[in-house]
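Engineer: Please read through the structure below; I'll follow up with questions.
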Amino acid sequence: MRILVVDDERRMAVAIARGLKAEGFSVELAFDGDDGLHRAREGDFDAIVLDILLPKVNGYEVCRRLRAEGLTVPILMLSAKDGEYDQADGLDLGADDYLTKPFSYVVLVARLRALMRRGTLAHPVVLQAGDLRMDPARHEVTRAGTPIALTPREFALLEFLLRRRGEVVSKREILRHVWDAHYEGEPNVVEVYIGYLRRKIDAPFARNAVQTVRGVGYRLASDGG
């Protein structure tokens, strides 16, 4: 799942991104309201973490404009301001939840997962390809009724493939959505994790859901293989 974090406190934003990535999320950062608006409009995000006190355009206005444009992505507002009227203003403008700094990363992740369970109107509750099923909200994967344990990164990779099942996706797309838009490591990390997935979701069941399309990328068979 992809999260946009908009916060002008760079150390805070990087720390939030690090914590979310450890939970298997893909994260993009913006450090002012203008950039946050641009990225929110252009990116396919599952949730936005939005600070209120931003340069150029404040968080209230970012939230207001996104809602006025019809974007329904869940928005969690962050602020050092803890007044009840500040919270009410954010919620009235279309935010879905509000956290006051300092906050617990455990609570942040739990709140985001709860928002995505309630707010991902465009995504099915359960993703399925044949007998391969994933419940993102419960963080559960099964094949032919058998539970499969995945690491956070494996889960994020499988979720991306399931959401694009039947389509060929390139390594670049996978890196952008599952790792980071600015990932600078080795691209063969995708091959490594595809191998991990195959050993868990394909090999024990003698079926090939994850297919390699030579010279292009990978595809998850729409019928589960």
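The sequence shown runs 406 to 630 under my numbering. Glycine is no exception: its CB is placed at the ideal position from the N, C-alpha and C atoms.
What span of residues does the beta strand (DSSP E) with R577 cover, start to end?
Structural biologist: Here residue 577 refers to the residue found at position 172 when the sequence shown is read from its first residue. Premise fails: R577 lies in the alpha helix (DSSP H), 576 to 579, not in any beta strand (DSSP E).
Engineer: I'd like the span of the alpha helix (DSSP H) that includes G499, first residue to last.
Structural biologist: In the sequence shown, the residue the question calls residue 499 occupies position 94. Unbroken run through G499: none, as it is neither H nor E.
Engineer: Who are the near neighbours of L537 in its chain, counting only those whose CB is closer than 7 Å to its CB and skipping five residues on each side?
Structural biologist: In the sequence shown, residue 537 corresponds to position 132, counting from 1. Counting only Cβ-Cβ distances below 7 Å, and skipping sequence neighbours, we find R548, I606, A614, G629.
Engineer: Quick test of your reading: M539 and L520, contact by CB under 8 Å. State the CB separation rounded to the nearest angstrom.
Structural biologist: As a first step, residue 539 is located in the sequence shown; it is residue number 134 there, counting from the start. As a first step, residue 520 is located in the sequence shown; it is residue number 115 there, counting from the start. Between L520 and M539 the Cβ distance is about 19 Å, and since that is not below 8 Å, they are no contact.
Engineer: If I measure Cβ to Cβ from G429 and keep anything under 6 Å in the same chain, skipping five residues before and after, which residues do I get?
Structural biologist: As a position in the sequence shown, residue 429 is number 24, starting the count at 1. Contacts found: P557, R558, F560, A561.
Engineer: According to the neighbour-count rule (16 or more other Cβ atoms, all chains shown, within 10 Å of its Cβ), is H443 buried or exposed?
Structural biologist: Here residue 443 is taken as the residue at index 38 of the sequence shown, counted from 1. Flag for H443 reads exposed.
Engineer: Please give the ranges of any beta strand (DSSP E) in the segment 447 to 491, keeping only runs that are unbroken, at least 3 residues long and fully inside the region.
Structural biologist: 452 to 456, 480 to 484
Engineer: Quick check on the DSSP output: the beta strand (DSSP E) that includes M539 runs from which residue to which?
Structural biologist: Residue mapping note: residue 539 aligns to position 134 of the sequence shown, counting from 1. Its beta strand (DSSP E) spans residues 537 to 540.
Engineer: When you compare the CB positions of E466 and G448, do they come within less than 8 Å of one another, or not?
Structural biologist: What you label residue 466 is simply residue 61 of the sequence shown in a count that begins at 1. What you label residue 448 is simply residue 43 of the sequence shown in a count that begins at 1. Not a contact, by the Cβ cut-off of 8 Å.
Engineer: With the cut-off set at 8 Å, would you say L455 and G441 are in Cβ contact?
Structural biologist: What you label residue 455 is simply residue 50 of the sequence shown in a count that begins at 1. What you label residue 441 is simply residue 36 of the sequence shown in a count that begins at 1. Going by C-beta atoms, L455 is nearer than 8 Å to G441.
Engineer: Less than 8 Å between the C-beta atoms of R472 and G438, yes or no?
Structural biologist: For the purposes of this step, residue 472 is taken as residue 67 along the sequence shown, with counting starting at 1. For the purposes of this step, residue 438 is taken as residue 33 along the sequence shown, with counting starting at 1. Their beta carbons are not under 8 Å apart, which means R472 does not touch G438 by this criterion.
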